[in-house]
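Novice: Numbering (the numbering used here), first residue to last: 1 to 185.
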Amino acid sequence: MWLPENKNSNEKKPHCALFFLKTGYECIIKCQRGGASMEFRKANLDDLHHLIELRKQQQVAQGIEPKTDIDADLEKFFQKKLKEGSMVQWLAEVGGEIVACGAVIFYEFPPSYVNKSGKKAYITNVYTKEEYRGQGIAKELMEKLVDEVKKAGISNIWLGASEMGKPLYKKFGFQEVDEWMELHL
1 MWLPENKNSN EKKPHCALFF LKTGYECIIK CQRGGASMEF RKANLDDLHH LIELRKQQQV
61 AQGIEPKTDI DADLEKFFQK KLKEGSMVQW LAEVGGEIVA CGAVIFYEFP PSYVNKSGKK
121 AYITNVYTKE EYRGQGIAKE LMEKLVDEVK KAGISNIWLG ASEMGKPLYK KFGFQEVDEW
181 MELHL
């Protein structure tokens with residue numbers, strides 16, 4: 001959680017506190033770093049506009065050309081997943097601005113010998129705005145997403161990684177497996 005790897009480092013450690021709200025399972029984690037307060041919280045339906053914008057920014061950052069308007073489709077997707085509880089999206093905020101996000105989507109597949117429950121989790125939408133990269137925010141979000149998966153009792157997680165994200169995911173123990181096949185119609 002933003003702790004320097006070198007214990008002799010002069011890097012300042014953030015002061016963090018965990019707050020549980022009385023509004024259900026939502027929690028907020030606040031961290032103070034160099035005068036700026038960073039807040040981690042779960043997204044809700046009021047965040048739809050932000051989720052849409054962050055997803056589009058992520059796509060462009062990955063070199064995907066915005067050739068079509070996807071706002072309505074993204075709104076439908078996020079609204080459905082948040083309402084049914086099949087997706088948990090974490091956000092990082094600084095001064096009211098959402099600067100990073102990450103989500104886990106829960107799926108059920110037919111049970112198998114290697115996954116008796118058939119439940120799997122897919123981590124997606126891990127994105128940090130460029131000016132906030134390199135500060136450990138994505139690592140903190142990944143920790144929260146992996147914790148969500150553990151709380152759900154799921155032991156299989158998969159994700160699609162950008163080249164920029166691969167080193168982070170490998171630190172968490174993710175391995176590259178080339179088992180997917182796609183058909184684009």
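From the three backbone atoms N, C-alpha and C, an ideal C-beta is built for every residue, glycine too.
1. For V60, count neighbouring C-beta atoms within 10 Å of its own C-beta (all shown protein chains included) and say buried if the count is 16 or more, exposed if not.
2. Going by CA-CA distance only, name the one from Q57, I154, K83 and Y132 that's closest to I123.
3. Less than 8 Å separating the beta-carbons of F106 and K116?
4. So what does T68 bridge to, in DSSP terms?
5. Does DSSP put F106 in a helix, a strand or coil?
6. Going by the CB atoms, is the gap between R55 and N156 shorter than 8 Å?
7. Where E130 and G160 are concerned, what is the direct C-alpha to C-alpha distance, given to the nearest angstrom?
8. Express the C-alpha separation of Y132 and V177 in angstroms, rounding to a whole number.
9. For Y127, list the residues DSSP reports as bridge partners.
10. Judging by CA-CA distance, which residue of I98, Q62 and K42 is the nearest neighbour of G85?
11. Would you kindly report the start and end of the unbroken alpha helix (DSSP H) that includes I188?
12. Report the CB separation of A121 from V104 in whole angstroms; it is logged as a contact under 8 Å.
13. Taking the C-alpha atoms as reference points, what is the distance between T23 and P66?
Specialist: Quick look at the numbers:
1. Residue numbering aside, residue 60 sits at position 60 when the sequence shown is read from its first letter. Burial call: exposed.
2. Residue mapping note: residue 123 aligns to position 123 of the sequence shown, counting from 1. Among Q57, I154, K83 and Y132, the Cα nearest to that of I123 is on I154.
3. Here residue 106 refers to the residue found at position 106 of the sequence shown. Here residue 116 refers to the residue found at position 116 of the sequence shown. Cβ distance not < 8 Å, so F106 and K116 don't count as in contact.
4. Numbered from its first residue, the sequence shown carries residue 68 at position 68. DSSP lists no partner for T68.
5. The residue you call residue 106 lines up with position 106 of the sequence shown. F106 falls in the strand class under three-state DSSP.
6. In the sequence shown, the residue the question calls residue 156 occupies position 156. In the sequence shown, the residue the question calls residue 55 occupies position 55. Cβ atoms of N156 and R55: not closer than 8 Å.
7. Looking up residue 130 in the sequence shown gives position 130. Looking up residue 160 in the sequence shown gives position 160. Cα-Cα distance, rounded: 20 Å.
8. As a first step, residue 177 must be located in the sequence shown, where it is residue number 177. As a first step, residue 132 must be located in the sequence shown, where it is residue number 132. When rounded, the distance between both Cα atoms is 30 Å.
9. Position 127 of the sequence shown, counted from the start, is the residue given in the question as residue 127. C101.
10. One-based indexing of the sequence shown puts residue 85 at position 85. The option with the nearest alpha carbon to G85 is K42.
11. The structure shown does not extend to residue 188, since the chain spans only 1 to 185, so no value can be given for it.
12. Taking the sequence shown and counting its residues from 1, the one referred to as residue 121 is at position 121. Taking the sequence shown and counting its residues from 1, the one referred to as residue 104 is at position 104. Rounded, the Cβ-Cβ distance is 5 Å, consistent with contact.
13. Working through the sequence shown from its first residue, we reach residue 23 at position 23. Working through the sequence shown from its first residue, we reach residue 66 at position 66. Here the model assigns T23 a pLDDT of 36, short of 50, so the residue's position is not dependable, and the following value carries that caveat. In a straight line, the C-alpha of T23 is about 37 Å away from that of P66.
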